[in-house]
Every structure is written in C-alpha cells, then in structure tokens.
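Peer 1:
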Amino acid sequence: MSEAKANGTADDETARQADPADEVDALAPPQPGVLQGADRALLALLSFTERRPEWGVSEMARRHGWDKAVSQRVLTTLASRSFLTCDTTTRRYRLGPAVSRLARAGEHSGVLPSLVRPILAGLLRETGESVVLNVPQGAGYRCAAAVDGTGPVRYTAIVGAVMPGHAGASGHAIFAHYPEAEIRRLFGATPLQRFNDHTVTGFDALLARYADVRTHGYSVSHGEYDEAVAAVAAPVFQAGTVAASLTVIGPAHRVTRAADRITELVLAGAEEATAAFGS
C-alpha cells in the first residue's frame, strides 16, 4: 500500500454527519514516561470495536481531540505495519491482519482467564457452586475458565467445551447484548434445537428473553439445557462491548433456593471482571 493511498486526506468525510462516537475521548492523559506517539497509536487501535469497525482520518481526530495531520500520521503508521488497512476508495480504515496475529497469541496465552481466576475462586468460596467464564464462539459460547463446586453433587464444566448459545443463562447474558441483526444471522436461519421443555426455541421468545436480560443486567435459567441444572449469569464487558459471561451453575434445587444471593454475587463479580478486562 503506498503512503499516498494510506494517508487519504478524506475530504469527503467533511460531508458526513457527526456521529456521537466522534466526540472527544475523555480518557485520562498518559502517565509520566509514556511515549506520546505510542500512546496515540494504541488509543487509535482501541477505538475500533464491533459497533465501530471503521474510522476515517477526520473522525479519529475528532474522537481524540487531535490535529487532523496527527491523526493521519497515526493511522498511516499503523497501516504500514498491517495493524490497519485502508480502503483506497472510501479512505476509511479497518483493523488489519497484524491484530488477528496478536489476538491468536493472546488467546493461546490465556490472558482473559488469568485475569478472572481470583474472581472465580472468590465466587466459589461464597457460593460453593461451580463458576464458569464463557466467551462467545459463533452461535454458541465456549468455556474459557472454570472452577468446580465443592459439594458431592456438583456441575463440572469442561474448559474448551462449546455450548449452544440459545439454551441457558450463560448464552443469554452474552447474546442479549448483540445487535438484533446479528442475532438473526446467528440464530434465525434454522429452527432452534430443543433440549427439553424448558429450552427457548421460538425466535421472538428468545428476543424477549434478551430484552429482559438487558433490563435487569443478568440472566437466570432453570434447566434449559440440562433439566437438573440451574444457573445465574451476568455479562462481562470490554471497551463497552460484551466479551464474556460469568456464571454460577449447579444443581437446580440449590441454585434456585439461593438465587437472590447468588445473583448479587454474580453481578459484583461481573463488574470486577469488566474492570479487570480494561477499557
């Protein structure tokens, strides 16, 4: 990619309607000893999210209160190292292949599970039930970290196992925060599989469940996948986007009996995990 193409003064951006996401970022200034250029590059990368996957030069400048020439240099530098790609027609930037390389390395290093292990251990001590961190994977969710309950009868989660996203509190806590168009793409193409009479199989019913999760901030399920199991889950966010769910799960009779207390603990744990994941 030539520098001229990557730089793109993006004169056509001035005609774009202002977007709320273009408001100046209120992040704290860098600490003493931080390289300003590197800090700006990292701020630019962190501006790319599922909800805002592409940026123009002027938009990025407005977002962070930079001069347009500074924004152009930052984006050009990132594009030169393949952290970004630039559409030569629209002159807008998207994440590049170097980001995927780092994401794979982070996944294999177990960064996220390591951040939440103390939280999982604390919930286990408080509840005696199994605690699981699940991350989205396609139309399902994958167990990224787990600790087993202490009782003789307990739920055992298998790290790496993938579960159906529409059946149970863990999935509801994640997918409730997806755009409806994405939910329809993931779950609307084929009939939802029924595991028992408690499974949500109607698409409208699933959307209603998601609305309830967004209203209350958590999800409770009673035997939607396994009739003998109940669970309480809350979403964990990273940079304003859902990244995982934190779930306490166990035998239905015990979890249901202690649901109110478990819900308070799960919400507090999810808030702590969100803080650990960083903005």
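Counting the sequence shown from 1 gives a position; our numbering is that position plus 44.
Quick reminder that beta carbons are idealized off the backbone N, C-alpha and C, glycines included.
Keep in mind that this is a model prediction, so the values were computed, not measured.
Relative to the C-alpha of glycine 182, which residue among Val155, Glu170, Tyr222, Leu159 is closest?
Peer 2: Ranking the options by Cα distance to glycine 182, first place goes to Tyr222.
Peer 1: DSSP state of serine 102, grouped into three classes?
Peer 2: Of the three classes helix, strand and coil, the one that applies to serine 102 here is helix, per DSSP.
Peer 1: From methionine 207 to glycine 184, what distance separates their C-alpha atoms?
Peer 2: Roughly 5 angstroms separates the two Cα atoms.
Peer 1: Which same chain residues, not among the five before or five after leucine 309, have their C-beta less than 8 angstroms away from its C-beta?
Peer 2: Cβ neighbours of leucine 309 beyond the five flanking positions: Leu167, Glu170, Thr171, Val292.
Peer 1: Considering only residues of the stretch 124-179, which uninterrupted alpha helix (DSSP H) runs meet the minimum length of 4 residues and lie entirely inside it, listed in chain order?
Peer 2: Listed in chain order, they are 141-153, 155-171.
Peer 1: How long is the line joining the alpha carbons of lysine 112 and valine 118, rounded to whole angstroms?
Peer 2: Cα to Cα, the separation comes out at about 10 angstroms.
Peer 1: Please say whether alanine 213 and serine 265 have beta carbons closer to each other than 8 angstroms?
Peer 2: Yes, they are a contact pair.
Peer 1: Could you check what DSSP says for alanine 272 in three-state terms: helix, strand or coil?
Peer 2: Of the three classes helix, strand and coil, the one that applies to alanine 272 here is coil, per DSSP.
Peer 1: So what does DSSP say about valine 197, is it helix, strand or coil?
Peer 2: The answer is coil: DSSP assigns valine 197 none of H, G, I, E or B.
Peer 1: The beta strand (DSSP E) with valine 206 in it runs from where to where?
Peer 2: 206-208 is the extent of the beta strand (DSSP E) around valine 206.
Peer 1: Pick helix, strand or coil for serine 91, following the three-state DSSP scheme.
Peer 2: Three-state result, serine 91: coil.
Peer 1: Grab the span of the beta strand (DSSP E) containing alanine 302 for me, first residue to last.
Peer 2: Taken as a continuous stretch (DSSP letters only), alanine 302 belongs to no beta strand (DSSP E), as it is neither H nor E.
Peer 1: Count the C-beta pairs between the stretch 133-141 and the stretch 91-100 that are closer than 8 angstroms, then say yes if the count reaches three, no if not.
Peer 2: Short answer: they touch.
Peer 1: Taking leucine 250 as the reference, which of Pro141, His216, Thr234 has the closest Cα?
Peer 2: It is His216.
Peer 1: Let me confirm a value: glycine 77 is counted as buried when at least 16 other C-beta atoms fall within 10 Å, else exposed. Which label applies?
Peer 2: So glycine 77 counts as exposed.
Peer 1: Quick one, are the C-beta atoms of serine 174 and alanine 190 less than 8 angstroms apart?
Peer 2: It is a contact, given that the beta carbons lie within the stated cut-off.
Peer 1: Identify which residue in Gly204, Val286, Phe239, Val114 has its Cα closest to the Cα of histidine 210.
Peer 2: Histidine 210 has its Cα closest to that of Phe239, out of Gly204, Val286, Phe239, Val114.
Peer 1: Check the DSSP bridge columns for tyrosine 222 and list the partner residues they point to.
Peer 2: Answer is none; tyrosine 222 lacks a bridge partner.
Peer 1: Can you tell me whether threonine 259 is buried or exposed, with buried defined as 16 or more other CB within 10 angstroms of its CB?
Peer 2: Its Cβ having fewer than 16 others within 10 Å, threonine 259 is exposed.
Peer 1: How close, in whole Å, do the beta carbons of arginine 228 and glycine 204 come, if the pair is a contact with beta carbons under 8 angstroms?
Peer 2: That belief does not hold up - the Cβ atoms of arginine 228 and glycine 204 are roughly 28 angstroms apart, past 8 angstroms.
Peer 1: Which residue from Gly267, Ala277, Ala201 puts its Cα closest to that of tyrosine 254?
Peer 2: It is Ala277 whose Cα lies nearest to the Cα of tyrosine 254.
Peer 1: Do isoleucine 202 and serine 324 count as a contact pair if the criterion is CB distance below 8 angstroms?
Peer 2: Because residue 324 is not part of the residues shown, which for the chain are 45 to 323, the question remains open.
Peer 1: Using only CA atoms, which one of Val160, Trp110, Val114, Leu128 lies nearest to alanine 319?
Peer 2: Ranking the options by Cα distance to alanine 319, first place goes to Val160.
Peer 1: Using CA coordinates, which residue listed in Ser263, Pro279, Val286, Gly284 is at the minimum distance from alanine 303?
Peer 2: When each option's Cα is compared against that of alanine 303, the closest is Ser263.
Peer 1: Which residues in the same chain have their Cβ closer than 6 angstroms to the Cβ of threonine 200, if we skip the five residues on either side of it in sequence?
Peer 2: Hits under 6 angstroms: Asp192.
Peer 1: Tell me, which residues are paired with glycine 184 by DSSP?
Peer 2: Gln181, Pro208.
Peer 1: From Gly267, Thr300, Val280, pick the residue whose C-alpha is nearest to that of glycine 322; which is it?
Peer 2: The candidate whose alpha carbon is nearest that of glycine 322 is Val280.
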